[in-house]
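I have placed the structure first, in the form of structure tokens, so that the comments after it can refer back to it.
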Amino acid sequence: MLKSRKGQFYIIMSAMLFGIMPFLTKTAYNNGSNAYAVVFWRFLWASIFMAVIIKKFYAKNILLSRDKMLKIVVLSIFYGITPILLYVSYNYIDSGLATSLHFTYPIAVMIIMAVAFKEKMGKRKVLCAIVCIMGVIMLYSPEKHAGVKGMTLAVISGIVYSLYVIFLEKFKLNAESAIIISFWLCFFTAIETGIFSVLIGKFRVAGSLQELLAEICLAFFSTVIALVLFQKGTFLCGAVMASLLSTFEPLTGVVIGWIVFKEKMTLKLGIGILLILFSTVLVALPVKEKKRI
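Just so you know, we're using the numbering used here here: the sequence shown kicks off at 2 and counts up by one.
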């Protein structure tokens, strides 16, 4: 019981650290940065921090086979595109709304697995998809064109992340140490997003101490520490509980957006966000098997 409670605490702390990403990202924006530069520096700093942690506490050989490296490169493409889309959406819609829309990814995983891999969808999964779609419809405001663009970007970020989750499962990299996989994932993502930001003219070095600190905190707290806490928490309390408690991430984003950025929260928006979170929780709950007599 004590281990489970400890694991739950780790997951909640992890979700809250992930949830402060919009605050740190917008802080960097307010000091002159952009989505592409923030993503690059986030993953570059994260890979440096992870390399130090591996060297200090693990003392393992970080090199992997060519086949595994290629798989991680493929994963890093989805892993890098996801935050770029999400961070760009912050320019058009409230960060709390964007985070909630991104959290539709479990439903996207479910639908893609059913369509592409012929995985069966039970009645509950169909209900989850319907509830999630209802939530997105509640968030839709046809009179706000910029809002529609931001919502689209946030939803696509969730779809891209769902592809990352699916490929992560299919590539079967779980035999390797999670932190070593995470290191290479961050390293390759930093290289790819760095090259891309240079090609489109969005690369920049932090022009102020506030911008630099925001990017470092994003890497250390919302990437490295959050990831370690999530892994430890999942080990102690299980994947199902971890999935359920992860809903603290969008809730944290909504609360910070409301308090810090004075983002508007209407009844319609609140209902839409709750429907999305409810569908996510429902899809994560284990299915009870019927006893055979």
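Even for Gly, the Cβ is constructed at its ideal location relative to N, Cα and C.
**Item:** Own chain partners of residue 122 with C-beta closer than 6 Å, once the 5 adjacent residues on each side are dropped
**Value:** 115
**Message:** Quick check on the DSSP output: what are the complete alpha helix (DSSP H) runs of length 4 or more inside the segment 3-76, in order along the chain?
**Reply:** 3-20, 22-31, 36-54
**Asked** Which residues in the same chain have their Cβ closer than 7 Å to the Cβ of residue 246, if we skip the five residues on either side of it in sequence?
**Response** 9, 12, 13, 16
**Request:** Check whether the Cβ atoms of residue 283 and residue 187 lie closer than 8 Å to each other.
**Result:** no
**residue 271 burial status per 10 Å Cβ neighbour count (16 or more: buried)** = exposed
**Asked** Thinking C-beta only, is residue 205 closer than 8 Å to residue 52?
**Response** no
**Prompt:** Along the chain, which unbroken stretches of the alpha helix (DSSP H) at least 4 residues long are found entirely within the segment 238-290?
**Reply:** 240-246, 249-260, 268-285
**residue 73 versus residue 166: straight-line alpha-carbon distance, rounded** = 12 Å
**Asked** Which of helix, strand or coil does DSSP assign to residue 178?
**Response** coil
**Asked** Any chance the segment 248-258 sits against the segment 28-35, with 3 or more Cβ pairs inside 8 Å?
**Response** no
**Item:** Cβ contact check for the segment 77-91 and the segment 221-240: 3 or more pairs under 8 Å
**Value:** no
**Prompt:** Can you tell which of 243, 67, 140, 63 has its C-alpha closest to the C-alpha of residue 281?
**Reply:** 243
**Prompt:** Quick one: Cα of residue 261 to Cα of residue 209, how far?
**Reply:** 21 Å
**Prompt:** On the premise that residue 86 lies in contact with residue 161, defined as a C-beta separation below 8 Å, what is that separation, rounded to the nearest angstrom?
**Reply:** 6 Å
**Message:** Output needed for residue 7: all residues of its chain with C-beta closer than 6 Å, excluding positions within five of it in sequence on either side, in chain order.
**Reply:** 237
**Request:** Please classify residue 170: is it buried, with 16 or more other beta-carbons within 10 angstroms of its beta-carbon, or exposed?
**Result:** exposed
**Request:** Identify, in the order they occur along the chain, each residue of the same chain with its Cβ nearer than 6 Å to the Cβ of residue 47, setting aside the five sequence neighbours on each side.
**Result:** 187, 220, 224, 225
**Prompt:** In the structure shown, what three-state DSSP assignment does residue 94 receive?
**Reply:** coil
**Item:** Buried/exposed call for residue 66, threshold 16 Cβ in 10 Å
**Value:** exposed
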